[in-house]
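Novice: In order, the protein sequence lines correspond to chains A and B.
With the numbering used here applied, the first sequence covers 1353 to 1598.
With the numbering used here applied, the second sequence covers 1353 to 1598.
Glycine included, C-beta positions come from ideal geometry on N, C-alpha and C.
There are 2 protein chains.
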Amino acid sequence: MPLKTIKLIIEYVGTNYCGWQIQPNGTTIQEILEKCLEKITGEKVKVHGSGRTDSGVHAEAQVAHFRVDTRMEPVQFQRALNSLLPGDIGVSEAEEESHDFHAQFSQKGKRYRYTIYASPYVSIFEYPFVWHLPYTLNVDAMKEAATYLVGRHDFAAFQASGSDVRTTVRGLTKLEITQRDGKITYVFEGSGFLKHMVRIVVGTLVDFGFEKKKPGMMKEILESKDRQKAGRTAPSQGLCLEKVYY
Amino acid sequence: MPLKTIKLIIEYVGTNYCGWQIQPNGTTIQEILEKCLEKITGEKVKVHGSGRTDSGVHAEAQVAHFRVDTRMEPVQFQRALNSLLPGDIGVSEAEEESHDFHAQFSQKGKRYRYTIYASPYVSIFEYPFVWHLPYTLNVDAMKEAATYLVGRHDFAAFQASGSDVRTTVRGLTKLEITQRDGKITYVFEGSGFLKHMVRIVVGTLVDFGFEKKKPGMMKEILESKDRQKAGRTAPSQGLCLEKVYY
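1. Which term fits A:Arg-1522, buried or exposed, when burial requires 16 or more other beta carbons within 10 angstroms of its beta carbon?
2. Once you ignore the five residues that flank B:Cys-1592 on each side, which residues in its own chain have a CB closer than 8 Å to its CB?
3. Hey, could you find the ends of the beta strand (DSSP E) B:Thr-1488 is sitting in?
4. How long is the line joining the alpha carbons of B:Cys-1370 and B:Asn-1377, rounded to whole angstroms?
5. Measure the beta-carbon distance from A:Tyr-1487 to A:Ala-1508 and round it to whole angstroms, keeping in mind my assumption that it falls under 8 Å.
6. Once the 5 residues before and after B:Arg-1404 are set aside, which same chain residues still bring their CB inside 8 Å of it?
7. Counting only Cβ-Cβ distances shorter than 7 Å, please list the residues of the region 1496-1508 of chain A near chain B, keeping chain order.
8. Note down the Cα distance separating B:Thr-1519 from B:Leu-1360, rounded to an integer number of angstroms.
9. In angstroms with no decimal places, state the Cα-to-Cα distance between A:Lys-1391 and A:Arg-1419.
10. Three-state secondary structure (DSSP) at A:Ile-1468?
11. Would you grab the beta carbon distance between A:Glu-1383 and A:Ser-1444 for me? Rounded to a whole angstrom, and I think it's under 8 Å.
12. Quick one: grab the DSSP three-state call for B:Gln-1373.
13. Just curious, the beta strand (DSSP E) that B:Arg-1419 is in, first and last residue?
14. Using a C-beta cutoff of 8 Å, does A:Gly-1442 count as contacting chain B?
15. I need the straight-line Cα distance from B:Glu-1528 to B:Phe-1560, nearest angstrom please.
16. Between B:Leu-1574 and the rest of its own chain, which residues show a CB-CB distance below 7 Å, the 5 nearest in sequence each way excluded?
17. Report all residues from its chain with a CB closer than 7 Å to the CB of B:Phe-1453; omit the five preceding and five following residues, and keep chain order.
18. Which whole-angstrom value is the C-beta distance of B:Gln-1456 and B:Gly-1401, which I expect to be below 8 Å?
19. Mind pulling the chain B residues with CB within less than 7 Å of A:Gly-1439?
20. Which residues, taken in chain order from the region 1359-1381 of chain A, show a beta carbon closer than 9 Å to some beta carbon of chain B?
21. Assuming A:Ser-1543 and A:Gly-1461 are in contact, meaning their beta carbons sit under 8 Å apart, how far apart are those beta carbons, in whole angstroms?
22. In terms of residues, what are the limits of the alpha helix (DSSP H) holding B:Glu-1540?
23. How would you list, in chain order, the residues of chain B whose beta-carbon sits under 7 Å from the beta-carbon of A:Tyr-1473?
24. In its own chain, which residues sit with a C-beta less than 8 Å from the C-beta of A:Arg-1423, not counting the 5 before and 5 after it?
25. Pull up the CB-CB distance for A:Leu-1546 and A:Gln-1511, whole angstroms please, since I reckon it's below 8 Å.
26. State the DSSP-derived secondary structure class of A:Ile-1529, mapped to helix, strand or coil.
27. Leaving out five residues before and five after B:Thr-1530 in sequence, what residues of the same chain have Cβ atoms less than 7 Å from its Cβ?
28. Between which residues of its own chain and A:Ser-1576 is the CB-CB distance below 7 Å, once the five residues before and five after are set aside?
29. Compute the Euclidean distance between the alpha carbons of B:Ser-1588 and B:Lys-1396, then round it to the nearest angstrom.
30. Can you name, in chain order, every residue of its own chain whose Cβ lies under 7 Å from the Cβ of A:Ala-1432, other than the five neighbours on each side?
31. Give the range of the beta strand (DSSP E) segment to which B:Ala-1551 is assigned.
32. For A:Glu-1572, report the span of its alpha helix (DSSP H) as first-last.
33. I need the straight-line Cα distance from B:Met-1494 to B:Gln-1375, nearest angstrom please.
34. If we ignore side chains and look at the alpha-carbon of each, how far apart do A:Lys-1387 and A:Ile-1381 end up?
35. Along the chain, where does the alpha helix (DSSP H) containing A:Glu-1478 start, and where does it finish?
This is the structure in structure tokens:
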């Protein structure tokens, strides 16, 4: 049978999962996909994601690939997976790729969305996907502070402590903040993100929204490269992986 | 303590409930609200809804009222209820009304939305709120058939069998069908609805969408007053109570 490389676009509500990557304590998206593929193909299949998502983080379009000797077409894998997957995980697309495609190493960048609801009440339909802050935030102050972060910088101040990466320099090409009524949306685009980077940036921006810090201080925080200078880590349920670029 | 009439606007994901109204087998929204109000006030409180919703049906703005001797303000009831209610039920508004207000008897009409996804794949974020039909539907044919239903008619053909009401004449002021990609939305507005009426109308319209019937046949079905002539009852998960008019 021919060896095929299949690329999947996967969406999930992260609420009930310990993130993407297989780990000993708790159920993960990757683990569930591999178990379903084992049922379908009768063999162990390794699923490679574009990268991890934290426990509780959602995805509208996570990308993954696997290689398997099969006569099955991608759309048949999609249908078979969707019939086996739980209701909070879905495969929205499946297609064959060349064998040099790798969900993680071929990617060029990612887009994340973080959502805050700054109002006394948040709808139960939105609640699982937002950070509810029942206060008024100064959105203009957050927008001004955010301008200091766009570009190629050492984001060491916005990395979870205890991380171990070669370099903490990353290119943030976009950080767009929009508001509609109490809903504040932060869209991040970049070539790469450090561990918890989006959530720590949002947690820090909220301090500017509360006017605890003047917008210009964002430059000092960035240049300090000190996690202690940045704000708290915003909760995972407000974060969603929107797109992976190739 | 003064006697107060409190009006609540309630939203819920109906998936895990046996509808609005208290019944012996299974948990209902009304029952949960009454239990929470008993915890808050220390006494049994009867909650009156604007009407029933079927098992599995959602609501963005169900309306209910209760009367209680209390010094608590409406917003305090809202906060107390929201802290006790499960995550799939929320009180979005609470206000004091005059004592002649009655959620059911003061209402002037209702708006319902039914959603179909006519595409091979439906997003897991939408799935719990739609009827997934992985086929192509002729939306123009459904729109034409729908025109026969708008107005004041005897809707006996579109009533669940075994119902027992004084009259089956109802005024349907609006039946608007819109399509965006595979998502087809049906908005119903009227002074009153028979049991399962919206779902039977949608199930019947789908037969026209599949071109099993010519649009003009809708007139015959309506005039037959025969439930057997109409189509199947569309599943409850696609239905949402959008608004109650007073």
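Specialist: Reading it off the structure:
1. Taking the first residue of the first sequence as position 1, residue 1522 of chain A is located at position 170. Answer is buried; the Cβ neighbour count reaches 16.
2. Start at 1 with the first residue of the second sequence, and residue 1592 of chain B comes out as number 240. Sequence-distant Cβ neighbours of B:Cys-1592 in its own chain, meaning closer than 8 Å and more than five residues away, are Val-1409, His-1410, Ala-1411, Glu-1412, Tyr-1464, Arg-1465, Tyr-1466, Thr-1467, Phe-1481.
3. Mapped onto the second sequence, residue 1488 of chain B falls at position 136. Counting along the chain, B:Thr-1488 falls outside any beta strand (DSSP E), and DSSP gives it neither H nor E.
4. Counting from 1 along the second sequence, the entry for residue 1370 of chain B is found at position 18. Counting from 1 along the second sequence, the entry for residue 1377 of chain B is found at position 25. Per the coordinates, the alpha-carbon of B:Cys-1370 lies some 8 Å from the alpha-carbon of B:Asn-1377.
5. Along the first sequence, one-based indexing puts residue 1487 of chain A at 135. Along the first sequence, one-based indexing puts residue 1508 of chain A at 156. Between A:Tyr-1487 and A:Ala-1508 the beta-carbon gap is near 29 Å, outside 8 Å, which marks them as no contact.
6. If you number the second sequence from 1, residue 1404 of chain B lands on position 52. Taken in chain order, the residues that qualify are Gly-1371, Trp-1372, Gln-1373.
7. If the cut-off is 7 Å between Cβ atoms, the region 1496-1508 of chain A has nothing near chain B.
8. Position 167 of the second sequence, counted from the first residue, corresponds to residue 1519 of chain B. Position 8 of the second sequence, counted from the first residue, corresponds to residue 1360 of chain B. A straight-line Cα-Cα distance of about 29 Å links B:Thr-1519 and B:Leu-1360.
9. Counting from 1 along the first sequence, the entry for residue 1391 of chain A is found at position 39. Counting from 1 along the first sequence, the entry for residue 1419 of chain A is found at position 67. Approximately 15 Å, taken between the alpha carbons.
10. Taking the first sequence and counting its residues from 1, one reaches residue 1468 of chain A at position 116. Three-state DSSP puts A:Ile-1468 in a strand.
11. Against the first sequence, residue 1383 of chain A aligns to sequence position 31. Against the first sequence, residue 1444 of chain A aligns to sequence position 92. Not quite, the Cβ-Cβ distance comes to about 20 Å (not below 8 Å), so this is no contact.
12. For the purposes of this step, residue 1373 of chain B is taken as the residue at position 21 of the second sequence. Coil, per DSSP.
13. Here residue 1419 of chain B is taken as the residue at index 67 of the second sequence, counted from 1. That run of the beta strand (DSSP E) goes 1410-1421.
14. As a first step, residue 1442 of chain A is located in the first sequence; it is residue number 90 there, counting from the start. Yes, A:Gly-1442 lies at the interface with chain B (some Cβ there is under 8 Å from its Cβ).
15. One-based indexing of the second sequence puts residue 1528 of chain B at position 176. One-based indexing of the second sequence puts residue 1560 of chain B at position 208. B:Glu-1528 and B:Phe-1560 have their C-alpha atoms some 15 Å from each other.
16. Position 222 of the second sequence, counting from 1, holds the residue named residue 1574 of chain B. For B:Leu-1574, where only same-chain residues beyond five positions count, the Cβ hits under 7 Å are Tyr-1500, Leu-1501, His-1505, Ala-1509.
17. The residue you call residue 1453 of chain B lines up with position 101 of the second sequence. Leaving aside the five residues that flank B:Phe-1453 on each side, the residues in its chain whose CB is nearer than 7 Å to its CB run, in chain order, Thr-1357, Lys-1359, His-1417.
18. Locating residue 1456 of chain B in the second sequence gives position 104, counting from the first residue. Locating residue 1401 of chain B in the second sequence gives position 49, counting from the first residue. Contact flag correct, Cβ pair sits at about 7 Å.
19. The count along the first sequence starts at 1 and reaches residue 1439 of chain A at position 87. Ordered by position in chain B, the residues that pass the 7 Å Cβ test against A:Gly-1439 are Ile-1476, Tyr-1479.
20. Within the region 1359-1381 of chain A, the residues whose Cβ lies closer than 9 Å to some Cβ of chain B are Glu-1363, Tyr-1364, Val-1365, listed in chain order.
21. Start at 1 with the first residue of the first sequence, and residue 1543 of chain A comes out as number 191. Start at 1 with the first residue of the first sequence, and residue 1461 of chain A comes out as number 109. Between A:Gly-1461 and A:Ser-1543 the Cβ distance is about 5 Å, and since that is below 8 Å, they are a contact.
22. Residue numbering aside, residue 1540 of chain B sits at position 188 when the second sequence is read from its first letter. Here residue 1540 of chain B is Phe; the residue named in the question, Glu, does not match the sequence. If you look at B:Phe-1540, you'll find it isn't in any alpha helix (DSSP H); it sits in the beta strand (DSSP E) that goes 1535-1542.
23. As a first step, residue 1473 of chain A is located in the first sequence; it is residue number 121 there, counting from the start. Simply Ser-1444.
24. For the purposes of this step, residue 1423 of chain A is identified with residue 71 of the first sequence, where counting begins at 1. Setting aside the 5 residues that flank it on each side, A:Arg-1423 is surrounded in the same chain by Met-1353, Pro-1354, each with a C-beta closer than 8 Å to its C-beta; the list follows chain order.
25. Here the question's residue 1546 of chain A lines up with position 194 in the first sequence. Here the question's residue 1511 of chain A lines up with position 159 in the first sequence. The Cβ separation is near 4 Å, so the contact holds.
26. Here residue 1529 of chain A is taken as the residue at index 177 of the first sequence, counted from 1. Per DSSP, reduced to three states, the secondary structure at A:Ile-1529 is strand.
27. Numbered from 1 along the second sequence, position 178 holds the residue referred to as residue 1530 of chain B. When the five nearest sequence neighbours on each side are left out, the beta carbons in the same chain lying within less than 7 Å of the beta carbon of B:Thr-1530 are those of Thr-1537, in order along the chain.
28. Walking along the first sequence from the start, residue 1576 of chain A turns up at place 224. For A:Ser-1576, where only same-chain residues beyond five positions count, the Cβ hits under 7 Å are Ala-1509.
29. Within the second sequence, the letter at position 236 stands for residue 1588 of chain B. Within the second sequence, the letter at position 44 stands for residue 1396 of chain B. Going by the C-alpha atoms only, they are around 31 Å apart.
30. Taking the first sequence and counting its residues from 1, one reaches residue 1432 of chain A at position 80. Here the set comprises Ile-1392.
31. By 1-based counting over the second sequence, the position of residue 1551 of chain B is 199. According to the sequence displayed, residue 1551 of chain B carries Arg and not Ala. Element bounds for B:Arg-1551: not the beta strand (DSSP E) but the alpha helix (DSSP H), 1549-1561.
32. Position 220 of the first sequence, counting from 1, holds the residue named residue 1572 of chain A. Note, A:Glu-1572: alpha helix (DSSP H), 1569-1576.
33. As a working mapping, residue 1494 of chain B is identified with position 142 in the second sequence. As a working mapping, residue 1375 of chain B is identified with position 23 in the second sequence. If you take the alpha carbons of B:Met-1494 and B:Gln-1375, they lie about 36 Å apart.
34. On the first sequence, residue 1387 of chain A is found 35 positions in, with the first residue counted as 1. On the first sequence, residue 1381 of chain A is found 29 positions in, with the first residue counted as 1. Each residue's alpha carbon lies about 10 Å from the other.
35. The sequence position of residue 1478 of chain A within the first sequence is 126, counting from 1. Here A:Glu-1478 belongs to no alpha helix (DSSP H), and DSSP marks it neither H nor E.
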